[in-house]
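First residue of the sequence shown? That's 445 in the working numbering, and the numbers climb one at a time after it. The beta-carbon is built from N, C-alpha and C at its ideal position, and this holds for glycine as well. Heads up, the thing below is written out as structure tokens.
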Amino acid sequence: MNGITQSTALWYVSRATGVVSLLLLTGIVVLGILVNRQGRLPGLPRFVVTGLHRNLSLLGVAFVALHVITAIADPYVTIRIAAVVIPFASSYKPFWLGLGAISLDLVAALIVTSLARARMSRRAWRGLHWFSYAAWGSAVVHSFGASNDLHRGVLLYLAIACCLVVAGAVIWRITHAGRELPREERAAATLEMMSPGSIRDTRSQRRDAENIR
Ligand code: HEM
445 MNGITQSTAL WYVSRATGVV SLLLLTGIVV LGILVNRQGR LPGLPRFVVT GLHRNLSLLG
505 VAFVALHVIT AIADPYVTIR IAAVVIPFAS SYKPFWLGLG AISLDLVAAL IVTSLARARM
565 SRRAWRGLHW FSYAAWGSAV VHSFGASNDL HRGVLLYLAI ACCLVVAGAV IWRITHAGRE
625 LPREERAAAT LEMMSPGSIR DTRSQRRDAE NIR
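This is the structure we're talking about:
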């Protein structure tokens with residue numbers, strides 16, 4: 445296998461899937477901010493952004509699962525299965541892997557509560573969804589701390605880019621938050637526009653409703 449043994453293959457797969465997981469988590473957080481703040485990607489309707497957010501989240505879970513499974517299977521170090529979900533239970537790099545476990549637990553909780561969203565109040569679901577920032581943050585610190593690969597070169601620039609993109613999205617969110625109508629007022633405005641007494645034509649009503657949703 446050209447110098448690549450089964451063990452080194454697992455090592456490469458584990459690290460590669462770790463990096464992809466970090467990129468996906470970053471994309472998921474940014475899309476989540478866009479969805480929440482009535483944002484759009486150029487040329488894409490809102491439901492496409494929402495669908496992208498949902499599907500990337502599931503893809504992210506698949507990559508994190510692969511990252512963790514290959515890290516455990518890699519015979520170079522011994523990581524107990526319990527350490528995957530119990531923070532700081534690993535004998536290998538307990539602090540850094542503990543942060544990975546916290547991130548994994550939070551991601552799992554976010555996915556489960558999102559799948560059960562119809563059975564929860566919007567307030568409870570949104571309250572829990574704030575933990576996505578903690579999930580992303582602990583994944584970033586885990587990524588920097590668990591391995592030296594992200595300390596230099598392309599991977600360092602990639603990790604810095606992830607931080608800048610999320611910071612930019614958060615700043616955008618904060619600066620736009622004040623300009624938006626609360627949800628109830630948006631719903632009332634939509635109903636008002638759709639009422640038969642309104643003098644607007646149907647096409648402009650639809651356009652307006654789409655803009656404030
Ligand atoms: C959302 C969760 C996670 C993300 C995004 C993530 C991401 C990463 C990244 C980017 C790296 C560095 C890859 C490289 O060296 O190029 C890494 C390393 C690593 N991660 Fe994770 N990780 C997560 C959770 C976990 C969990 C739960 C475990 C297992 C307990 C784990 C075990 C490891 C190990 C063993 C390393 C390599 C440490 C070393 O090189 O000595 N990760 N992770």
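(1) Got a sec, what are the start and stop residues for the alpha helix (DSSP H) A545 sits in?
(2) Are L599 and D518 closer than 8 Å when you measure CB to CB?
(3) Is I618 near ligand 1 - that is, is its Cβ less than 7 Å away from at least one heavy atom of it?
(4) Less than 6 Å between C-beta atoms, sequence neighbours within five positions excluded: which residues of the same chain meet that for S582?
(5) Determine the closest residue to G589 out of F507, R498, R459, with distance taken between C-alpha atoms.
(6) Only counting runs of 3 or more residues, tell me where the beta strand (DSSP E) segments fall wholly within the region 448-519, in order along the chain.
(7) So does R459 have its beta carbon nearer than 7 Å to some heavy atom of ligand 1?
(8) Can you check which of these residues, R566, V521, V551, is closest to P538 by C-alpha distance?
With the structure as the only source:
(1) For the purposes of this step, residue 545 is identified with residue 101 of the sequence shown, where counting begins at 1. Note, A545: alpha helix (DSSP H), 538-559.
(2) As a first step, residue 599 is located in the sequence shown; it is residue number 155 there, counting from the start. As a first step, residue 518 is located in the sequence shown; it is residue number 74 there, counting from the start. When the beta-carbon positions are compared, L599 and D518 stay at least 8 Å from each other.
(3) Within the sequence shown, the letter at position 174 stands for residue 618. A distance criterion of 7 Å places the beta-carbon of I618 beyond contact range of ligand 1, judged by its closest non-hydrogen atom.
(4) Within the sequence shown, residue 582 is the residue found at index 138, counting from 1. The beta carbon of S582 is closer than 6 Å to those of L543, I546, S547 in its chain, skipping five residues each way along the sequence.
(5) Here residue 589 corresponds to residue number 145 of the sequence shown, with the count starting at 1. The shortest Cα separation from G589 among F507, R498, R459 belongs to R459.
(6) Here no run is fully enclosed.
(7) Along the sequence shown, read from residue 1 onward, the residue named residue 459 stands at position 15. Indeed, a heavy atom of ligand 1 lies less than 7 Å from the Cβ.
(8) Here residue 538 is taken as the residue at index 94 of the sequence shown, counted from 1. Closest by C-alpha distance to P538, out of R566, V521, V551, is V521.
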